[in-house]
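Residue numbers (our numbering): 110 to 267.
Notes to accompany the following structure.
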């Protein structure tokens with residue numbers, strides 16, 4: 110009887126150990142899946158944050174451009190009867206456009222490792238006359254205030 114009892118206890122212990130091994134393996138698999146999911150989540154969050162920063166930069170440039178457009182339009186109305194002041198305001202606008210163009214070109218050039226963002230910037234600001242691109246070299250050059258203002262002023266019809 111003692112032998113049977115010992116054999117039964119050994120079988121129970123073996124079954125318990127086998128069950129524990131299965132549970133440990135399942136727990137390890139679950140931990141590995143959780144760790145992989147956490148890594149994917151962290152990468153997605155990092156990508157989303159990076160995308161938001163890029164969007165914020167584009168929106169900030171657009172906001173500056175719209176502010177200049179609004180100010181230039183207001184100057185045209187406010188100083189229509191004062192040609193000297195109007196010319197001064199136009200020159201100020203030209204300088205601000207040149208600064209904006211310089212900032213856009215710097216951002217495009219600094220994004221050289223991120224071709225998608227670089228293309229998005231070019232697409233967003235290429236039609237504004239803020240810079241020109243040498244098609245042979247791919248280098249960008251800030252437009253002269255005159256070139257940017259001509260494009261800018263075409264929106265204002267003056």
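Every residue gets a Cβ at the ideal spot worked out from N, C-alpha and C, and that includes glycine.
Alpha-carbon spacing of residue i relative to residue j, whole angstroms
i, j, result
"residue 177", "residue 249", "22 Å"
"residue 206", "residue 171", "12 Å"
"residue 181", "residue 202", "7 Å"
"residue 188", "residue 212", "29 Å"
"residue 111", "residue 124", "20 Å"
"residue 197", "residue 190", "13 Å"
"residue 147", "residue 154", "10 Å"
"residue 222", "residue 199", "36 Å"
"residue 116", "residue 126", "15 Å"
"residue 122", "residue 144", "32 Å"
"residue 128", "residue 161", "49 Å"
"residue 95", "residue 218", "The displayed coordinates of the chain run from 110 to 267. Any statement about residue 95 would go beyond what the structure contains."
"residue 120", "residue 152", "48 Å"
Distance between beta carbons of residue j and residue i, contact taken as under 8 Å
i, j, result
"residue 210", "residue 240", "5 Å"
"residue 195", "residue 184", "7 Å"
Given residue i as reference, the closest of the options once Cα atoms are compared
i, options, result
"residue 167", "232, 243, 139, 156", "232"
"residue 174", "234, 157, 246, 251", "234"
"residue 224", "136, 247, 118", "247"
Neighbourhood of residue i by C-beta, 7 Å cutoff - its chain only, sequence neighbours within 5 removed
i, result
"residue 220", "226, 227, 230"
"residue 150", "none"
"residue 266", "Its pLDDT being 48, under 50, residue 266 is placed unreliably by the model, and the measurement read from it follows with that caveat. Excluding residues within five positions, none has a Cβ falling inside 7 Å."
Residue i classed as buried or exposed, judged by whether at least 16 other C-beta atoms fall within 10 angstroms
i, result
"residue 214", "buried"
"residue 179", "exposed"
"residue 131", "exposed"
"residue 238", "buried"
Own chain residues within Cβ distance below 8 Å of residue i, not counting five before or after
i, result
"residue 216", "166, 170, 230"
Residues near residue i in its chain [Cβ-Cβ closer than 6 Å; skip 5 each side]
i, result
"residue 269", "Any answer about residue 269 is impossible in this case: the structure gives the chain only from 110 up to 267."
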